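A.B. asks:
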Amino acid sequence: MGVPQAMAALRDKAALVRESLQKSQTITESMVSILGSFDHRLSSLETAMRPTQIRTHSIRRAHENIDKTLKAAEAILGRFDLTRKAEAKILRGPHEDLESYLEAIDQLRSNLQYFTTHKCFKRTSGIITHANNLLTKAISKLEDEFRNLLTNYSKVVEPDRLFDGLPDSLRPSATSPGKRNDSKKDSDNQKNSENAVYTPPTLIPPRVLPLLHNLAQQMVQAGHQQQLFRIYRDTRASVLEQSLRKLGVERLSKDDVQKMQWEVLEAKIGNWIHYMRIAVKMLFAGEKKICDQILAGIDSLRDQCYAEITANSVSVLLSFGEAIAKSKRSPEKLFVLLDMYEIMRELQSEIDYLFGTKSCTEMRESAQSLTKRLAQTAQETFGDFEEAVAKDATKTAVLDGTVHPLTSYVINYVKFLFDYKTTLEQLFQEFEESDTEAQLKTLTKRIMEALQTNLDGKSKQYKDPALTQLFLMNNMHYIVRSVRRSEAKDLLGDDWVQIHRRIVQQHANQYKRISWAKVLFARLILCIHIARLAC
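Quick note on UniProt numbering: the sequence shown kicks off at 1 and runs consecutively.
1) Could I get the ranges of all uninterrupted alpha helix (DSSP H) runs contained in the segment 398 to 455, with 4 residues as the minimum, in chain order?
2) Can you check the segment 279 to 349 for any alpha helix (DSSP H) of at least 4 residues that lies completely inside it and give the ranges in chain order?
3) Contact check, Ser359 vs Gln429 under 8 angstroms by CB: the rounded distance?
4) Helix, strand or coil for His224, going by three-state DSSP, please let me know.
5) The alpha helix (DSSP H) spanning Glu387 covers which residue range?
6) Determine the DSSP secondary structure at Ser30, reduced to helix, strand or coil.
7) Taking three-plus beta-carbon pairs below 8 angstroms as touching, is the segment 403 to 410 in contact with the segment 468 to 483?
8) Indicate the three-state DSSP secondary structure (helix, strand or coil) for Ala216 in the structure shown.
9) I'd like to know whether the C-beta atoms of Gly401 and Leu467 end up nearer to each other than 8 angstroms.
10) Please check the pair Val410 and Leu451, which I expect to be a contact at CB under 8 angstroms, by giving their CB distance rounded to whole angstroms.
11) When burial is assigned at 16 or more other CB atoms within 10 Å of the CB, is Lys281 buried or exposed?
12) By Cβ distance below 7 angstroms, which residues in the same chain neighbour Arg171 in space, the five residues on each side in sequence not counted?
13) Write down the C-beta distance between Thr377 and Arg345 rounded to the nearest angstrom, noting that I regard them as a contact closer than 8 angstroms.
14) With contact counted as at least three CB pairs below 8 angstroms, one residue from each stretch, are the segment 220 to 228 and the segment 286 to 294 in contact?
15) Which of helix, strand or coil does DSSP assign to Thr468?
16) For the segment 146 to 158 against the segment 242 to 257, do three or more pairs of beta-carbon atoms, one drawn from each stretch, fall closer than 8 angstroms, so that the two count as touching?
17) If you follow the alpha helix (DSSP H) that Asp164 is part of, which residue opens it and which one closes it?
18) Might you give, ordered along the chain, the residues of its own chain that have their beta carbon closer than 8 angstroms to the beta carbon of residue 574, omitting 5 neighbours on each side?
19) If you check the beta carbons only, do Leu252 and Ala196 fall under 8 angstroms apart?
20) Alpha carbon to alpha carbon, how far is Trp262 from Met340? Give it in angstroms, no decimals.
21) With Val257 as the anchor, note down where its alpha helix (DSSP H) starts and where it stops.
22) Have a look at Ile309 and Asp234 and give me their C-alpha separation to the nearest angstrom.
23) Just mark Val480 as buried or exposed, buried being the case when its beta carbon has 16 or more other beta carbons within 10 Å.
24) How would you label Pro205, buried or exposed, when you count the other beta carbons within 10 angstroms and need 16 or more for buried?
25) If you run the structure through DSSP and keep just helix, strand and coil, what is Ile204?
26) Can you tell which of Val208, Ser482 and Gln426 has its C-alpha closest to the C-alpha of Thr436?
27) Mapping the DSSP letters down to three states, classify Tyr198 as helix, strand or coil.
28) If contacts are defined as beta-carbon pairs under 8 angstroms, then Phe385 and Pro465 qualify, I think. What distance do you get, rounded to the angstrom?
29) Counting C-beta neighbours from all protein chains within 10 Å, is the total for Val17 16 or more, i.e. buried, or is it exposed?
30) Could you have a look at Phe355 and say whether DSSP puts it in helix, strand or coil?
31) Report all residues from its chain with a CB closer than 8 angstroms to the CB of Thr381; omit the five preceding and five following residues, and keep chain order.
32) Have a look at Asn412 and Ala237 and give me their C-alpha separation to the nearest angstrom.
33) In this structure, does DSSP put Gly270 in helix, strand or coil?
34) With respect to 7 angstroms, is the separation between the Cβ of Ile269 and the closest non-hydrogen atom of the ligand ZN below this value?
35) Measure the C-alpha to C-alpha separation of Leu247 and Tyr275 and round it to an integer number of angstroms.
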């Protein structure tokens, strides 16, 4: 009973499912038919609206083109207006308002670039030609303005202004700055000058430098580098050379030096040392400073300008040093040679800085060469002095056996050398790396030995043996006493002093023995004479 009922229930449900599927199929077909109808209608509508869409798109593009054209026209008109204003400023020239003039040139360049990149405009070529012509005139006026501005503010520096910038210890006194002191105590100030403060003069007012810099930049942008170079070089080189001439710098050849009296030459050498310090520390340093500011950003032109501005002035200064170094050597020149060597050593680091670029190589190497040549000449003069002492053939005898002029001259010379002890040690290092103090000791001993040998020869001029010993005793005593009271004692050492004191004592003993023998001989002669008279 149960199974038939269940089967009947399943059949009823299956019939309901079948009926539902048939209804769903009917609905689906109806929807497909409706959607197909919509698709056809939409397609027809799209076809109908296409002309309207095309017209709308064209209108939109036309509006965009009009906007673009208006903006382009506005930009072009704006450029025309800016060009007109720039032209008005340029035609007025740079004298009234230089900064405004420079702005006008920048604006004209900008407009020229704009029209060059927008050549679709019909009259572009005419505008470009006009702008180029206007720019050429503007740069020409700019060049004249740079020349006038630089010339008007480039004044010769008076010597008093240079002296005012020196440290107090180096300012010239009432006497000539080149006058040397025999004790060389004045050079103590010079040796401390490396730490002194120098105040270079104002070569061009600071307010003018930015204007000159802007003018230089504009000339370079316009391709006028060579014009800028010539104007700057010629103007500044002339002023620098005139400043040095007013100071007293002059070109002297080797022949000029040879013809001078020693007193005149010595004064000129002292002046040269002063001029070198002023030129390097003040004039050349000031020249480099303004050159770096005016030509900032134009490195190759800046370095070449500075090199050519200073070239002749450096040559004049160094040529005098070369003339002295190449002139005939003599013992009295040793100390001025050492003074000149000192100043070149003192200034070497600043010369290397001021003339450190490739363009200045020749001047830098010339200064280094002069330093070497002065050192070599001084060293050779030192050797000449030793030889001169050994070969001194003065026949003038000191009648009473006192100190010979040669002895006092040599001792003073050696004592004077010790004021240059540091300089001499530096000089020896120029040629070999060795114990410089030992070298100085050896040279000093050789001079003393040469003096002793010469004195021994001069002592033989006396016919009286007592005067011979007295002469040697007095001279050796003078040498020992002078060495003991000077820096030479520290170098030669106590042993040298003790040995030569014993030599003095030996001569004294000899003198006494000869003197007693002479007294005894005189007494004997007297006794014989008395005896004869008694007979």
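Where is the CB? At the ideal position from N, CA and C, for every residue including glycine. Given the structure is predicted, the values throughout are model-derived calculations rather than measurements.
C.D. replies: The short version:
1) 405 to 417 and 421 to 429
2) 285 to 294 and 299 to 326
3) About 30 angstroms; that fails the 8 angstroms criterion.
4) Correct three-state label for His224: coil.
5) Thr361 to Lys391
6) helix
7) yes
8) Helix.
9) Yes.
10) 5 angstroms
11) buried
12) Phe163
13) No, Thr377 and Arg345 are not in contact; Cβ-Cβ is about 15 angstroms, not under 8 angstroms.
14) no
15) The answer is helix: DSSP assigns Thr468 an H, G or I state.
16) yes
17) Here the alpha helix (DSSP H) through Asp164 covers Pro159 to Asp164.
18) Because the chain in this structure spans residues 1 to 535, residue 574 falls outside the shown range and cannot be described.
19) no
20) 16 angstroms
21) Lys254 to Lys259
22) Spanning the two alpha carbons is a distance of roughly 7 angstroms.
23) buried
24) exposed
25) Reduced to three states, the DSSP call for Ile204 is coil.
26) Gln426
27) coil
28) At roughly 32 angstroms, the Cβ-Cβ gap does not stay under 8 angstroms, so Phe385 and Pro465 are not in contact.
29) So Val17 ends up on the exposed side.
30) coil
31) Arg329, Ser330, Pro331, Lys333, Leu334 and Leu337
32) Counting only the Cα atoms, Ala237 lies some 46 angstroms from Asn412.
33) helix
34) The ligand ZN is absent from the structure shown, which contains no ligands of any kind.
35) 8 angstroms
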